[in-house]
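Chemist:
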Amino acid sequence: SMLTVDQSFKAMPLDDFVRSSMFRRTLSDDGMYGDNDSNGDLFDFANENEDWDLESEPEIQDAWNVLQDEYAVGYSSIPFHILGTSANDVDCHPHVLSPPLMESLQPFLPYAVSEDNFYLKFSLVRDGASLHTLLQNIRGAKHTIVAIETVEGEVFGAFCSSAWRKNWNYFGSGEAFLWRMRRGRDTHCPSIIDQAQMESELDVFPWTGENNFVQLCTSNKIAIGGGTEDKEQRSDMDGDAKMDVHANLGDGDQKTSWDLDDAPPFGFGLAIEDNLLSGMSSPCLTFGSPPLSKKHSDGSPFEILNLEVWTLTPCNTVEEAEKLELSRLFLESHRSTSM
Numbered sequence: 001s002m003l004t005v006d007q008s009f010k011a012m013p014l015d016d017f018v019r020s021s022m023f024r025r026t027l028s029d030d031g032m033y034g035d036n037d038s039n040g041d042l043f044d045f046a047n048e049n050e051d052w053d054l055e056s057e058p059e060i061q062d063a064w065n066v067l068q069d070e071y072a073v074g075y076s077s078i079p080f081h082i083l084g085t086s087a088n089d090v091d092c093h094p095h096v097l098s099p100p101l102m103e104s105l106q107p108f109l110p111y112a113v114s115e116d117n118f119y120l121k122f123s124l125v126r127d128g129a130s131l132h133t134l135l136q137n138i139r140g141a142k143h144t145i146v147a148i149e150t151v152e153g154e155v156f157g158a159f160c161s162s163a164w165r166k167n168w169n170y171f172g173s174g175e176a177f178l179w180r181m182r183r184g185r186d187t188h189c190p191s192i193i194d195q196a197q198m199e200s201e202l203d204v205f206p207w208t209g210e211n212n213f214v215q216l217c218t219s220n221k222i223a224i225g226g227g228t229e230d231k232e233q234r235s236d237m238d239g240d241a242k243m244d245v246h247a248n249l250g251d252g253d254q255k256t257s258w259d260l261d262d263a264p265p266f267g268f269g270l271a272i273e274d275n276l277l278s279g280m281s282s283p284c285l286t287f288g289s290p291p292l293s294k295k296h297s298d299g300s301p302f303e304i305l306n307l308e309v310w311t312l313t314p315c316n317t318v319e320e321a322e323k324l325e326l327s328r329l330f331l332e333s334h335r336s337t338s339m
């Protein structure tokens with residue numbers, strides 16, 4: 001069944017926000033935690049923008065900037081550290097995961113890592129389109145979040161709790177799940193707070209127990225979820241077997257449904273080719289999920305704009321996290337050689 005999460009809108013009253021934001025610059029160009037210059041002329045912002053072009057294309061908001069917005073009450077602070085990248089890390093732009101998206105994923109993580117920090121281990125735009133590099137970068141990570149943004153703005157991925165290793169058989173555990181943002185990044189958001197709110201709204205598909213086809217890693221692809229065509233199991237997925245985590249979702253037409261007669265056969269919940277530039281998603285028995293890509297619900301390949309793999313760590317710095325991963329790798333190799 002599908003779980004949905006919708007963070008409560010926690011901004012200050014709209015009238016107060018509008019009156020304030022008309023005269024104050026809310027975002028800083030300094031780092032993600034840079035201080036805003038509150039001593040400047042409050043009218044600089046209006047003077048700089050007196051020649052606004054009302055017919056120009058709307059600016060695309062970056063949800064990372066919500067951490068710098070003093071008016072984004074409830075969003076401008078997060079209960080975890082982000083390691084390995086930052087809002088101004090241009091080598092990783094465009095980021096796939098954003099702080100609001102990370103915070104919405106947290107409630108679905110296993111208890112043991114539910115309060116850990118997010119650590120970016122692989123970024124396609126930073127590290128290159130190589131499955132070998134991806135596996136090298138995440139070799140010490142047990143828990144991983146795979147995050148994809150397509151060229152059409154759709155954002156989805158998976159959480160897995162077994163280290164990725166090449167294996168011709170499936171592996172993994174029932175802690176895994178698939179997820180997707182309910183609306184794509186091609187959705188226009190008039191403010192940074194609206195962008196953060198949109199990126200907080202997720203569909204999550206936990207393990208159903210139907211099979212153990214959780215993780216697959218071969219020389220030519222990585223995949224999460226699987227299964228074979230079965231009409232009886234297929235019919236079990238029909239109907240409204242969905243629950244809301246927050247009752248204030250309300251908008252029924254946003255819930256996912258699909259015509260079983262037109263749906264593609266069951267297959268990988270999410271599969272990524274070894275060139276990391278394309279992938280596909282099908283209805284999946286393992287997670288009871290529809291195709292994660294609404295624009296490729298027929299099972300056709302989607303093109304990847306960026307792919308990230310994150311891990312979760314109790315450490316507060318990259319140096320500490322690397323030491324912990326190396327010690328785990330050492331213990332793992334020692335166990336394997338002693339068996």
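With full-length UniProt numbering as the guide, the letters of the sequence shown map in order to residues 1 to 339.
Beta carbons are placed, not taken as given, at the ideal position from N, Cα and C, and that holds for glycine.
Keep in mind it's a predicted model, so treat the numbers as computed, not measured.
#1: State whether the region 126–133 contacts the region 152–160, with contact taken as three or more CB pairs (one from each stretch) at a distance under 8 Å.
#2: Can you give me the C-alpha to C-alpha distance between M181 and V96, rounded to a whole angstrom?
#3: Please list, in chain order, all residues of the same chain as I222 whose beta carbon is under 6 Å from its beta carbon, the five residues on each side excluded.
#4: So, with DSSP's three-state summary, where would you put F302?
#5: Quick one: using the 10 Å Cβ neighbour count with 16 as the cut-off for buried, is W168 buried or exposed?
#6: Tell me where the beta strand (DSSP E) around P314 begins and ends.
#7: At the level of alpha carbons, what is the spacing between R234 and F287?
#8: Considering only the beta carbon of each residue, do F118 and T133 sit closer than 9 Å?
#9: For the 8 Å Cβ check, are there 3 or more pairs between the region 148–155 and the region 305–312?
#10: To the nearest angstrom, how far is it from the Cα of residue 404 to the Cα of G209?
#11: Suppose you measure from the CA of A163 to the CA of Q136; what does that come to, to the nearest Å?
#12: Just to confirm the assignment: which complete beta strand (DSSP E) runs, minimum length 3, are found wholly within the region 139–196?
#13: Between the region 89–105 and the region 290–299, do at least 3 Cβ pairs fall closer than 8 Å?
#14: Can you give me the Cβ contacts of V204 inside the same chain, cut-off strictly under 6 Å, excluding the 5 residues immediately before and after it?
#15: Taking DSSP's pairing of strands, which residues face L326 in a bridge?
#16: For the candidate residues S281, I82, W310, N316, whose alpha-carbon lies nearest to that of S300?
#17: Across which residues does DSSP place K221 in a beta bridge pair?
#18: Using a Cβ-Cβ cutoff of less than 6 Å, which residues in the same chain neighbour F317 once the five nearest sequence positions on both sides are dropped?
#19: Can you check which of these residues, F80, H296, G267, S297, is closest to L285 by C-alpha distance?
#20: Per DSSP, which one or two residues make a beta bridge with M280?
#21: Does DSSP put P206 in a helix, a strand or coil?
#22: Might you give, ordered along the chain, the residues of its own chain that have their beta carbon closer than 6 Å to the beta carbon of I82, omitting 5 neighbours on each side?
#23: Hey, could you find the ends of the alpha helix (DSSP H) L124 is sitting in?
#24: Grouping DSSP H, G and I as helix and E and B as strand, with all else coil, what is residue 398?
Modeler: According to the data block:
#1: Inter-segment contact for the region 126–133 and the region 152–160 is absent: fewer than three beta-carbon pairs are separated by less than 8 Å.
#2: In a straight line, the C-alpha of M181 is about 11 Å away from that of V96.
#3: I272.
#4: In the structure shown, F302 sits in a strand (DSSP, three-state: E or B).
#5: W168 is exposed by the Cβ-count criterion.
#6: P314 -> no beta strand (DSSP E), and no H or E assigned at all.
#7: Low confidence applies to R234: its pLDDT is 42, below 50, so where it sits in the model is not reliable, and the reading given next is rough at best. Within the model, the alpha-carbon separation for R234 versus F287 is close to 12 Å.
#8: Going by C-beta atoms, F118 is not nearer than 9 Å to T133.
#9: Yes: at least three Cβ pairs fall under 8 Å.
#10: There is simply no residue 404 to check, as the chain begins at 1 and stops at 339 in what is shown.
#11: In a straight line, the C-alpha of A163 is about 11 Å away from that of Q136.
#12: For the region 139–196, the full-length beta strand (DSSP E) segments reaching 3 residues or more read 144–150, 155–160, 167–171, 177–181 along the chain.
#13: The region 89–105 vs the region 290–299: no contact.
#14: Closer than 6 Å at Cβ, skipping near neighbours: L3, F108, F177, W179.
#15: Paired residues: none, contrary to the question.
#16: Taking only the C-alpha atoms, the option nearest S300 is S281.
#17: BP columns for K221 point to E273.
#18: A small fix is needed here, since residue 317 is Thr in this sequence, not Phe. Closer than 6 Å at Cβ, skipping near neighbours: no residue.
#19: With respect to the C-alpha of L285, the residue from F80, H296, G267, S297 having the closest C-alpha is G267.
#20: A271.
#21: Looking at P206 - three-state DSSP - the assignment turns out to be strand.
#22: Closer than 6 Å at the Cβ level, and outside the excluded window around I82, lie F118.
#23: Looking at the DSSP string, the run of the alpha helix (DSSP H) that includes L124 is 124–127.
#24: One cannot answer for residue 398 here, as it falls past the ends of the chain, which runs 1 to 339.
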